[in-house]
Amino acid sequence: MKTNFALYGVALLLVQALTACGSSPVTVPKEETAQTAPAKTEDAQYDKLVVAFGDSLYAGYRLGPTEGLAPQLQAALEKAGIKARVHNAGVSGDTTAAGKQRLTFVLDNLEKKPDLVVLGLGGNDMLRGIQPKETEANLNAMLEELKKRDIDVVLTGMLAAPNLGPDYANAFNPIFPKLAKQYDAPLYPFFLDGVVADPKLMLPDNIHPNAQGVAKVVDGLAPLVEKALQP
Numbered sequence: 010m011k012t013n014f015a016l017y018g019v020a021l022l023l024v025q026a027l028t029a030c031g032s033s034p035v036t037v038p039k040e041e042t043a044q045t046a047p048a049k050t051e052d053a054q055y056d057k058l059v060v061a062f063g064d065s066l067y068a069g070y071r072l073g074p075t076e077g078l079a080p081q082l083q084a085a086l087e088k089a090g091i092k093a094r095v096h097n098a099g100v101s102g103d104t105t106a107a108g109k110q111r112l113t114f115v116l117d118n119l120e121k122k123p124d125l126v127v128l129g130l131g132g133n134d135m136l137r138g139i140q141p142k143e144t145e146a147n148l149n150a151m152l153e154e155l156k157k158r159d160i161d162v163v164l165t166g167m168l169a170a171p172n173l174g175p176d177y178a179n180a181f182n183p184i185f186p187k188l189a190k191q192y193d194a195p196l197y198p199f200f201l202d203g204v205v206a207d208p209k210l211m212l213p214d215n216i217h218p219n220a221q222g223v224a225k226v227v228d229g230l231a232p233l234v235e236k237a238l239q240p
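At position 209 of the sequence shown the residue is numbered 218 (the numbering used here), and the sequence of numbers has no breaks.
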């Protein structure tokens, strides 16, 4: 995949300095953490339940209630004639280890079994310089749990920032294609593809997409989700 990482690399250098210098978890403001239990009245209005399980890229960091991944993906599915609710289970600051810890809680507290989980974690692992083998093991555990529950998955990938060097990239970047193949899961290879290098599609931090950036992500991701939801 040909992607311009110039802005991405500069931004991640700054963030890495803030996030990788300690092992304590990131403190997440309450308003930036997704709700993990859906409103009980909503499921009855929809035929399908999709869970968007990820980090701040999923949570709708600094975006309005209709601007994040979950609401925009839900709107795209509705436009395609699919009556689905997309539940926002994104939590800012989550690593794959944190995601692994909360996955069963999220699934157990839904009113019904999801028809699909869109899974996207690993970006914060990369920012913290966590060993790729740990990231892979955590993602593998989550995919194994979803397989055990017979829940279909669409996986969204992440790529290592250039400043982390070729050795890290060579270990990190293949994780997502490898796991997608292993679990026969559709893969959107890089969540920020076509977005991260365009300042008009990014928030001022140059790390998170703005509403227009999320719309571009959804343009690429929605067809995979639509296909995964077909009988």
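No residue lacks a Cβ here, since even glycine has one placed at the ideal position from N, Cα and C. Just so you know, these numbers come straight off a predicted model, no measurement behind them.
Per the C-alpha coordinates, the member of GLN140, GLU120, GLY174 and TYR67 positioned closest to ALA106 is GLN140. The stretch 172 to 179 makes no contact with the stretch 216 to 224; the number of CB pairs closer than 8 Å stays below 3.
By alpha-carbon distance to GLY166, the top candidate from GLU154, VAL60 and LYS187 is LYS187.
ASP161 is bridged by DSSP to LEU125. The C-alpha of ILE91 lies about 31 Å from the C-alpha of ALA206. With 16 or more other Cβ atoms from the protein chains shown falling within 10 Å of its own Cβ, GLN81 counts as buried.
Excluding five sequence positions before and after ALA79, the CB atoms of its chain that fall closer than 6 Å to its own CB belong to ALA61, VAL95 and ASN97, given in chain order. The Cβ atoms of PHE181 and ALA169 sit closer than 8 Å to each other. Spanning the alpha carbons of GLU145 and PRO183 requires a straight line of approximately 10 Å. For VAL59, the pairing in a beta bridge is given by DSSP as VAL95 and LEU125. Of the candidates LYS109, VAL115, LYS156 and GLU120, the residue whose Cα lies closest to the Cα of LEU130 is LYS109. Nearest in C-alpha terms to ASP134, of all of PRO123, LEU128 and ASN147, is ASN147. Distances from the CA of THR113 to each of GLY73, GLY222, LEU155 and PRO208 were compared; the closest alpha carbon is that of LEU155.
Its chain contains LEU86, ALA89 and ILE91 as the residues whose beta carbon lies nearer than 7 Å to that of GLU235, once the 5 sequence neighbours on both sides are disregarded; these appear in chain order.
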